[in-house]
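**Q** So the protein sequences, as listed, match chains A and B. Each residue of the first sequence is one higher than the last, beginning at 1 in UniProt numbering. Each residue of the second sequence is one higher than the last, beginning at 1 in UniProt numbering. One structure is given below, represented as structure tokens, and several questions about it will come after.
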Amino acid sequence: MDKNNLSEFIIEKGLFIMAIFSIIIIFLIISFVLLEGLPAFEDYGFFQFIFGLTWAPNDSQYGVFAMIIGSICVTLLAMLMAVPLSLLCAIFMAEVAPSKVRKILKPVIETLSGIPSVVYGFFGLIVLVPIIRENFGGTGFSMFTASLILAVMVLPTIITLSQDSLRSVPHEYREASLGLGATNWQTIKNIIFPAALPGIITSIILGMGRAIGETLAVIMVAGNVVQIPNSIFDPVRTLTANIAIEMGYATGLHYNALFGTGIVLFIIIIGLLVVANYIQHKYKVDVGGGYL
Amino acid sequence: MSIKIWSPKISQKIMNAVFIISGIITILLLVLIIGYILIKGLPAVSLEFIFSDPIDSGKYGGIFPMIVSTLYVTAIAGVVATPLGIGAAVYMTEYASENKLVKIIRFGSETLASIPSIVFGLFGLTFFVLFLGLGWSVLSGGLVLAMMALPTIFQVSEVTITSIPSSYREGSYGLGATKWQTIYRVVLPAAIPGIVTGVILGMTRAISEAAAVMFAVGASLSVPISIFDPGRPLPLHLYILATEGISLENAYGTAAVLVIIVLAITIISNWAVDKYQNKIMGR
């Protein structure tokens with residue numbers, strides 16, 4: 001009996017260590033990236049780093065503002081294209097489609113999310129860039145091209161998560177509305193969608209996080225010129241692209257500045273995550289108990 | 001009834017059409033991308049392409065070292081992340097009671113899942129390659145991928161284990177089993193389909209990833225023999241071929257191989273999980 005108790009105790013502690021492993025990893029990531037990135041803030045000045053418009057490692061100029069704007073613009077444009085389509089598709093799958101159609105769509109979306117991002121980037125490079133070049137001028141490497149690719153890449157995230165949140169609206173809501181004579185679309189529009197809205201917003205925010213964090217697919221089609229874009233057909237460079245392109249040969253303060261870019265990216269992602277958690281938390285408190 | 005331009009019945013019909021179109025667009029996107037890559041890439045794929053070494057940085061020749069590298073980093077990621085993910089899920093579902101700690105662990109796992117792959121890449125470089133001195137190697141790359149796969153395996157396993165009815169556990173306790181015996185003999189076997197799905201999703205993420213490993217594996221063109229040798233996984237090879245304009249034909253071939261691997265994994269795992277579930281339900 002004692003031996004049993006001891007091994008149960010050891011197993012429990014072992015599992016506990018496994019459970020806190022993700023926290024340990026995050027702690028390690030934050031400390032190591034900070035360690036390498038902080039010298040850039042110290043030597044170059046935090047505000048100059050964030051709001052500086054010139055990125056010229058050869059002249060020791062490390063301002064990432066244009067890339068922050070680049071990341072935000074690419075992401076917002078991608079969301080503009082992805083959100084309507086993915087919400088319609090999510091509603092279709094959760095509320096409208098017969099189960100046969102659902103059985104086709106589910107693996108389609110799983111596969112879309114499984115395609116490697118480099119393959120998306122390659123497709124964009126080979127197919128989209130020439131199309132954009134012929135129809136809209138320029139080189140074809142542009143913010144718009146990158147947003148198109150990102151829009152497809154975030155579809156599965158938004159569809160899957162908002163579908164979950166549509167599904168978890170209680171059945172009574174649907175039945176009550178249909179019982180009052182509302183059509184299926186009226187029920188979706190007036191009852192189900194509003195009830196699922198917090199979850200849907202969370203799914204959009206998580207999709208944004210994916211888009212901001214995407215690296216290689218964007219590099220392959222965005223043109224990567226450090227500038228604040230004037231039109232959607234201008235080339236842009238995102239924060240992620242900046243790191244991936246220059247890390248291979250960076251030394252000294254340049255190396256630190258790239259880690260600094262990583263810190264900025266990290267802060268944006270944590271910010272989005274906190275907002276997503278806040279929305280989920282808030283609506284749960286507001287309605288008091290039940291899922292609405 | 002209020003007077004509207006469109007009666008509810010007509011707007012219902014319009015919206016149905018809109019929904020169906022959105023579904024069709026989504027399917028078309030997949031067919032278009034996969035179809036294009038396969039049609040352009042399959043002619044380049046042959047046994048020789050798969051089993052021969054690249055010549056002249058990949059301009060000619062095959063992708064054998066890249067396939068070996070991909071197998072190496074994915075296997076390392078799986079071996080490291082699977083026990084950690086399942087163990088963490090078991091702790092969270094069967095042992096944890098402190099509410100605050102559970103919330104922190106869950107937030108930690110969510111955060112880990114949202115960290116951009118390029119930040120993992122930076123971390124892999126400073127921590128595994130330089131700080132731990134593992135060098136540019138498939139081991140460093142595999143460990144980075146393990147960290148990325150961990151939250152997927154953890155979250156899917158946790159959801160699955162939570163959904164196991166408590167009557168299973170009570171039955172086992174009633175027979176005098178200890179807590180661990182119950183978990184090991186009753187809960188985990190019942191949860192296997194879900195856990196396998198989680199592991200496969202995590203591995204697919206590892207197979208597809210290039211940005212996180214590009215500063216850790218070293219991009220070498222030779223076959224890695226030991227885990228301390230550098231390598232170049234398939235996605236990284238595709239990235240280099242495409243962006244440095246080395247060979248369009250070989251880039252198509254590499255992309256096709258990657259797409260086939262991912263498709264095969266998705267189809268086989270869906271089929272296997274379905275079959276296992278039917279077997280359990282059938283009893």
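Idealized CB from N, CA, C, for every residue including glycine. If you're wondering where the values come from, they're calculated on a predicted model, not measured in any experiment.
Check whether the Cβ of B/V199 lies closer than 8 Å to any Cβ atom in chain A.
**A** Cβ-Cβ to chain A under 8 Å: no for B/V199.
**Q** Expressed to the nearest angstrom, what Euclidean distance is found between the alpha-carbon atoms of A/I243 and B/G108?
**A** If you take the alpha carbons of A/I243 and B/G108, they lie about 24 Å apart.
**Q** Tell me the residue span of the alpha helix (DSSP H) that contains B/Q12.
**A** From DSSP, the alpha helix (DSSP H) with B/Q12 extends over 8 to 41.
**Q** Are A/V154 and A/G70 close, meaning C-beta to C-beta below 8 Å?
**A** Not a contact, by the Cβ cut-off of 8 Å.
**Q** For a cutoff of 8 Å on Cβ pairs, would you count B/L145 as touching chain E?
**A** Checking the listed chains, one finds no chain E in this structure; the protein chains it contains are A and B.
**Q** Report the option in B/F154, B/A96, B/I76 whose CA atom is closest to the CA atom of B/G142.
**A** B/G142 has its Cα closest to that of B/I76, out of B/F154, B/A96, B/I76.
**Q** Since B/E110 meets chain A, which of its residues come closer than 7 Å, beta carbon to beta carbon?
**A** Per Cβ cutoff of 7 Å: L273.
**Q** Determine the burial state of A/E175: buried for a count of at least 16 other Cβ atoms within 10 Å of its Cβ, exposed for fewer.
**A** Its Cβ having fewer than 16 others within 10 Å, A/E175 is exposed.
**Q** CA-CA distance, A/S165 and A/H281?
**A** One C-alpha to the other measures close to 14 Å.
**Q** According to the neighbour-count rule (16 or more other Cβ atoms, all chains shown, within 10 Å of its Cβ), is A/G213 buried or exposed?
**A** Classification for A/G213: buried.
**Q** Nearest to A/F92 by CA position, among B/V199, B/S22, B/L175, B/A264, is which residue?
**A** Answer by Cα proximity: B/S22.
**Q** Kindly say whether B/L150, judged by its beta-carbon, lies nearer than 8 Å to any beta-carbon of chain A.
**A** True, the Cβ-Cβ gap to chain A drops below 8 Å.
**Q** Which of the residues in the stretch 230 to 244 of chain B, read from start to end, lie with their CB under 7 Å from any CB of chain A?
**A** Against chain A - using a Cβ distance shorter than 7 Å - the residues of the stretch 230 to 244 of chain B are P235, L238, Y239, A242, T243.
**Q** Rank B/A251, B/L112, B/M147 by C-alpha distance to the C-alpha of B/I128 and give the top, closest one.
**A** It should be noted that the sequence gives Phe, not Ile, for residue 128 of chain B. Looking at the Cα atoms, B/M147 is the closest of the given residues.
**Q** Classify A/I11 as helix, strand or coil using the three-state DSSP reduction.
**A** Helix.
**Q** Find the residues of chain A that neighbour B/S97, judging by a C-beta separation of less than 7 Å, and give them in chain order.
**A** Result: empty, since nearest Cβ-Cβ is about 11 Å, beyond 7 Å.
**Q** If you measure from the beta carbon of A/E42 to each beta carbon in chain B, is any gap under 8 Å?
**A** So, not an interface residue.
**Q** Which of helix, strand or coil does DSSP assign to A/I61?
**A** Here residue 61 of chain A turns out to be Gln, not Ile, going by the sequence shown. Correct three-state label for A/Q61: strand.
**Q** Decide yes or no for the touch test of the stretch 50 to 60 of chain B against the stretch 128 to 138 of chain A: beta carbon pairs closer than 8 Å, at least 3 of them.
**A** The answer is no - the stretch 128 to 138 of chain A does not touch the stretch 50 to 60 of chain B, with fewer than three Cβ pairs under 8 Å.
**Q** Of the residues A/T238, A/S231, A/M220, A/Y249, which one's Cα is nearest the Cα of B/F215?
**A** Comparing Cα-Cα distances from B/F215 to each of A/T238, A/S231, A/M220, A/Y249, the minimum goes to A/Y249.
**Q** Please check if any C-beta of chain A sits within less than 8 Å of the C-beta of B/V213.
**A** By this cut-off, B/V213 is not an interface position.
**Q** Along the stretch 212 to 244 of chain A, where does the CB come closer than 8 Å to a CB of chain B? Name the residues.
**A** Here the close residues are I212, G213, E214, T215, L216, I219, M220, T240, I243, A244.
**Q** So the alpha helix (DSSP H) A/Q227 belongs to, where does it begin and stop?
**A** From DSSP, A/Q227 is part of no alpha helix (DSSP H); its letter is neither H nor E.
**Q** Closer than 7 Å to a non-hydrogen atom of the ligand NAD - does that hold for the CB of A/N184?
**A** Because no ligand of any kind appears in the structure shown, any question about the ligand NAD cannot be addressed here.
**Q** Could you say if the stretch 107 to 114 of chain A and the stretch 264 to 274 of chain B meet the contact criterion of at least three C-beta pairs nearer than 8 Å?
**A** Flag = yes, the stretch 107 to 114 of chain A and the stretch 264 to 274 of chain B touch.
**Q** Please classify A/I68 as buried or exposed, where buried requires at least 16 neighbouring CB atoms within 10 angstroms.
**A** Result: buried.
**Q** Any Cβ of chain A within less than 8 Å of the Cβ of B/G135?
**A** Closer than 8 Å: no.
**Q** Where does A/S203 land, buried or exposed, given buried means 16+ other C-beta within 10 angstroms?
**A** That one is buried.
**Q** Within this structure, are the beta carbons of A/S86 and A/I158 separated by less than 8 Å?
**A** Yes, the pair counts as a contact, with Cβ atoms nearer than the cut-off.
**Q** Beta-carbon of A/P194 versus every beta-carbon of chain B: anything under 8 Å?
**A** Not closer than 8 Å to any Cβ of chain B, the Cβ of A/P194 fails to qualify, so no.
**Q** Quick one: does A/F92 have its CB under 8 Å from some CB of chain B?
**A** So, interface residue.
**Q** Would you call B/Y276 buried or exposed, if buried means 16 or more other Cβ atoms sit within 10 Å of its Cβ?
**A** Classification of B/Y276: exposed, given that the 10 Å Cβ count is below 16.
**Q** What in chain A is Cβ-close to B/N250, meaning under 9 Å?
**A** Going along chain A, no residue has its Cβ under 9 Å from B/N250, so there is no contact; the nearest lies around 12 Å.
**Q** When Cβ atoms are compared, which residues of the stretch 167 to 193 of chain B fall closer than 7 Å to chain A?
**A** From the stretch 167 to 193 of chain B, only T178, K179, W180 have a Cβ closer than 7 Å to chain A.
**Q** Does DSSP put A/A56 in a helix, a strand or coil?
**A** Reduced to three states, the DSSP call for A/A56 is strand.
**Q** Looking at chain A, is there any beta carbon in it that lies within less than 8 Å of the beta carbon of B/A17?
**A** Not closer than 8 Å to any Cβ of chain A, the Cβ of B/A17 fails to qualify, so no.
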